[in-house]
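Number of protein chains: 2
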Amino acid sequence: MNEALTNYLDNHRRTIQVELTKYIHELSIPEQLKESMLYSIDAGGKRLRPILLFASYETYASDFSKVLSSAVALEMIHTYSLIHDDLPAMDNDDFRRGMPTNHKAFDEATAILAGDALLTYSFEIISNDSNLEAEQKVELIKMLANTSGPSGMVGGQILDMQAELNPVSLEELENIHALKTGELVRFAVYAGAYLGNASKDKLQALNDFAYYLGLIFQVQDDILDVTGDSAKIGKSVGSDENNQKSTFPKLLGLDGAIEQKNNYVKKAKNALILADAENSYLMMLTDHFSQRDH
Amino acid sequence: MNEALTNYLDNHRRTIQVELTKYIHELSIPEQLKESMLYSIDAGGKRLRPILLFASYETYASDFSKVLSSAVALEMIHTYSLIHDDLPAMDNDDFRRGMPTNHKAFDEATAILAGDALLTYSFEIISNDSNLEAEQKVELIKMLANTSGPSGMVGGQILDMQAELNPVSLEELENIHALKTGELVRFAVYAGAYLGNASKDKLQALNDFAYYLGLIFQVQDDILDVTGDSAKIGKSVGSDENNQKSTFPKLLGLDGAIEQKNNYVKKAKNALILADAENSYLMMLTDHFSQRDH
Chain A
1 MNEALTNYLD
11 NHRRTIQVEL
21 TKYIHELSIP
31 EQLKESMLYS
41 IDAGGKRLRP
51 ILLFASYETY
61 ASDFSKVLSS
71 AVALEMIHTY
81 SLIHDDLPAM
91 DNDDFRRGMP
101 TNHKAFDEAT
111 AILAGDALLT
121 YSFEIISNDS
131 NLEAEQKVEL
141 IKMLANTSGP
151 SGMVGGQILD
161 MQAELNPVSL
171 EELENIHALK
181 TGELVRFAVY
191 AGAYLGNASK
201 DKLQALNDFA
211 YYLGLIFQVQ
221 DDILDVTGDS
231 AKIGKSVGSD
241 ENNQKSTFPK
251 LLGLDGAIEQ
261 KNNYVKKAKN
271 ALILADAENS
281 YLMMLTDHFS
291 QRDH
Chain B
295 MNEALTNYLD
305 NHRRTIQVEL
315 TKYIHELSIP
325 EQLKESMLYS
335 IDAGGKRLRP
345 ILLFASYETY
355 ASDFSKVLSS
365 AVALEMIHTY
375 SLIHDDLPAM
385 DNDDFRRGMP
395 TNHKAFDEAT
405 AILAGDALLT
415 YSFEIISNDS
425 NLEAEQKVEL
435 IKMLANTSGP
445 SGMVGGQILD
455 MQAELNPVSL
465 EELENIHALK
475 TGELVRFAVY
485 AGAYLGNASK
495 DKLQALNDFA
505 YYLGLIFQVQ
515 DDILDVTGDS
525 AKIGKSVGSD
535 ENNQKSTFPK
545 LLGLDGAIEQ
555 KNNYVKKAKN
565 ALILADAENS
575 YLMMLTDHFS
585 QRDH
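Residue numbers (this note's numbering), protein chains in the order written: chain A, 1 to 294; chain B, 295 to 588.
Take a look at the structure:
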């Protein structure tokens, strides 16, 4: 990875970490709830969604104060979805990024409520942001609820569960991931460009970009599950192979999955060119996400 | 109950039922998710919160189109909280209102996601309401997230869980219920009066009213658990006595709890007088809630 990108990612990770922590610390709430929320927020992760939001914004504008609340809200919603996903009734994961999952570190009831709290608080944060106009808040909240709710991420999670029991086609697999992962990516890209006052045409091109980028995320996840280094990934490799779940490598073979990924990368970059974003960090991030090793 | 109030409740229940169903039916989402959301929405309930919102609005204004989205959002959030509350990791209830709970009718994963979906969708509904100004939407979303999130209902649920293990004082019990039940009541009363353009003074008086009304809800629940008819309540009576949970009758005795309730009723009515609402349905509803038998 080139040094400019490394610095870029590090800087933006620091920014989002400071903001996330600040917003949770300023809550006057029961200690156990706060600790549980902070535990999963601090568990880190790559902060890819907020970074994408920042990068999308920076393609068109520069006053960072406008995007912090959306970036925080987005990462909180991503974090809540991981907490609920890990629950025994869902994926039943004991570890995430090498640390006990929320319900293991606390208990299931607390984990459910910490997830509910992060989800709900995310909307309050945007509604309270004094750097935004009312119209902007409404647009962001509408988009965030739409992409994370039943028509978006939550719908994708239901389809993903069903797909564990019944093999799906490539088209169905793309649809699952477009909802489960892609919709929050779409929010990230949209929110940044919208707040940066990008034109309607550019927003439309970025919408296509986000669709392919979401699929790149997922196909690379599937590829890493076959070829990756478990120490880097923070979970065991090969877990997809041991269950019935449909993945890109299972449907297309490993080489086919890599080819498919390269296809998505091409389409994503074409969309970036249409959005006048060929020299933006979005371009670099596309390569970064498609080549990441964890 | 007098006939005017019966008609009032029936009419408003019909209105909210039609709106709730309409909003869920218009979603293009996986069938299983939609069925699970509808199942708990249709499980009925008394719709006390939306009715309260309507009554608060009608105290000051009359164009009903402005309050429907808030009433729907509020009932969806209440419904999500029941779905998550009933989960095995939380209260572990198999039945609610005489019907299998959501995770019994579907499965735990679906129930968790249906709850998440209802919660998220509620914010989308308000943000999409073309009858409201952007400023109004932001105010409602801020208040709804604040009253239902970590500083409100979810915080109350954590405290309530902790109180099952450790006896609490009357003051602590009031605080738990003010958060767990009272905050959504506060939203109902506030949203209605706010959209009805009530003055700041009146909003402040109604805030006090809502606080006591929330406590009336809960103390009456506790009293019914001791004295109620299980066929009417739809769950077994005496369940509070069989666990360690603190209740008003346990802390004060049954007579003491009834006296405490009458105290709250007096304070609630005084607040209504200050809000120029002594001839409103809010007054009748206060008596109705304090005397309900299920």
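All C-beta atoms in this analysis are idealised placements derived from N, C-alpha and C, irrespective of residue type, glycine included.
Sequence-distant residues of the same chain with beta carbon closer than 8 angstroms to residue i, five excluded per side
{"i": "A:E174", "result": "L215"}
{"i": "B:L438", "result": "S364, A367, L368, I371, S416, F417, I420, F481, A485"}
{"i": "A:A163", "result": "E172, L173, I176, K245, S246"}
{"i": "B:A472", "result": "G450, Y505, G508, L509"}
From the options, residue whose alpha carbon lies closest to that of residue i
{"i": "A:T21", "options": "A:K104, A:L82, A:G155, A:I125", "result": "A:I125"}
{"i": "A:Q157", "options": "B:R391, B:N556, B:I406", "result": "B:I406"}
{"i": "B:H588", "options": "B:Q512, B:D357, B:A411", "result": "B:Q512"}
{"i": "B:Y506", "options": "B:I377, B:E325, B:L548, B:V483", "result": "B:V483"}
{"i": "B:S445", "options": "A:G182, A:P150, A:L119, A:N131", "result": "A:L119"}
{"i": "A:D85", "options": "A:K180, A:E278, A:S62, A:G98", "result": "A:K180"}
{"i": "A:E58", "options": "A:A277, A:H288, A:R292", "result": "A:A277"}
{"i": "A:P249", "options": "A:D222, A:T79, A:E171", "result": "A:D222"}
{"i": "A:L165", "options": "A:S246, A:K200, A:D107, A:V185", "result": "A:S246"}
{"i": "B:L321", "options": "A:Q136, A:V226, A:L184, A:G155", "result": "A:G155"}
{"i": "A:N197", "options": "A:N279, A:D116, A:D63, A:D255", "result": "A:D63"}
{"i": "A:V226", "options": "A:D201, A:K202, A:L254", "result": "A:L254"}
{"i": "B:D401", "options": "A:D93, A:A89, A:G182, A:M99", "result": "A:A89"}
{"i": "A:L53", "options": "A:I16, A:N279, A:Q136, A:M99", "result": "A:I16"}
Same chain, Cβ closer than 7 angstroms to residue i, neighbours up to 5 away in sequence not counted
{"i": "B:K563", "result": "M577, T580"}
{"i": "B:D559", "result": "Inspection of the sequence shows that residue 559 of chain B is occupied by Val rather than by Asp. Around B:V559: I510, T580, S584."}
{"i": "B:K561", "result": "Y506"}
{"i": "B:A399", "result": "Y333"}
{"i": "A:Q220", "result": "K261, F289, S290, R292"}
{"i": "A:E79", "result": "Looking at the sequence itself, residue 79 of chain A is Thr, so the reference to Glu does not match. S40, I41, L118."}
{"i": "B:I318", "result": "K328, M331, L332, I335"}
{"i": "A:L203", "result": "Y190, A193, Y194"}
{"i": "A:A275", "result": "K202, A205, L206, F209"}
{"i": "B:R354", "result": "Sequence check: residue 354 of chain B is Tyr here, not Arg. Cβ neighbours of B:Y354 beyond the five flanking positions: A487, G490, N491, A492."}
{"i": "A:M99", "result": "A43"}
Whole-Å CB distance - residue i paired with residue j, under 8 angstroms assumed
{"i": "A:M37", "j": "A:A114", "result": "5 angstroms"}
{"i": "A:Y281", "j": "A:Y8", "result": "6 angstroms"}
{"i": "A:I51", "j": "A:H103", "result": "Actually they are not in contact, since the Cβ atoms of A:I51 and A:H103 sit about 27 angstroms apart, beyond 8 angstroms."}
{"i": "B:L545", "j": "B:L464", "result": "5 angstroms"}
{"i": "A:V138", "j": "B:A428", "result": "5 angstroms"}
{"i": "B:A499", "j": "B:A565", "result": "5 angstroms"}
{"i": "B:M447", "j": "B:E477", "result": "5 angstroms"}
Residue i burial status per 10 Å Cβ neighbour count (16 or more: buried)
{"i": "A:A4", "result": "exposed"}
{"i": "A:P167", "result": "exposed"}
{"i": "B:S359", "result": "exposed"}
{"i": "A:Q244", "result": "exposed"}
{"i": "B:K636", "result": "Examination of residue 636 of chain B is not possible in this model, given that chain B is present from 295 through 588 alone."}
{"i": "A:I141", "result": "buried"}
{"i": "B:G338", "result": "exposed"}
{"i": "A:E259", "result": "exposed"}
{"i": "B:T300", "result": "exposed"}
{"i": "B:N296", "result": "exposed"}
{"i": "B:S493", "result": "exposed"}
{"i": "A:N146", "result": "buried"}
{"i": "B:V312", "result": "exposed"}
{"i": "A:R49", "result": "buried"}
{"i": "B:I323", "result": "buried"}
{"i": "B:G443", "result": "buried"}
{"i": "A:D10", "result": "exposed"}
Close-in-space but distant-in-sequence residues of the same chain around residue i (CB under 6 angstroms, 5 per side omitted)
{"i": "A:L159", "result": "I176"}
{"i": "B:A504", "result": "V479, R480, V483"}
{"i": "A:D129", "result": "S69"}
{"i": "A:L82", "result": "none"}
{"i": "A:Q136", "result": "none"}
{"i": "A:N131", "result": "S65, K66"}
Under 8 angstroms from the C-beta of residue i: neighbouring residues of chain E
{"i": "A:I112", "result": "Considering every chain present, this structure includes no chain E. Its protein chains are A and B."}
Against chain B, which members of the stretch 13 to 36 of chain A pass a CB distance test of less than 8 angstroms?
L27, S28, I29, P30, Q32, L33, K34
Residues, ordered as in the chain, of the stretch 358 to 386 of chain B that lie near chain A by beta-carbon distance below 7 angstroms
So the close ones are H378, L381, A383, M384.
Beta carbons nearer than 9 angstroms to chain B: which residues of the stretch 185 to 204 of chain A have them?
none
Chain B contacts made by the stretch 93 to 104 of chain A, where a contact means CB separation under 9 angstroms:
Against chain B - using a Cβ distance shorter than 9 angstroms - the residues of the stretch 93 to 104 of chain A are H103.
Chain A contacts from the stretch 429 to 443 of chain B (Cβ-Cβ distance under 7 angstroms)
Shown in chain order are the members of the stretch 429 to 443 of chain B whose Cβ falls below 7 angstroms from a Cβ of chain A: E429, K431, V432, I435, K436, A439, N440, S442, G443.
Under 8 angstroms, CB to CB, which of the residues in the stretch 442 to 462 of chain B have a partner in chain A?
S442, G443, P444, S445, V448, G449, Q451, I452, L453, M455, Q456
Within 7 angstroms of chain B by C-beta, residues of the stretch 115 to 130 of chain A in sequence order:
D116, A117, L119, T120, Y121, F123, E124, S127, N128
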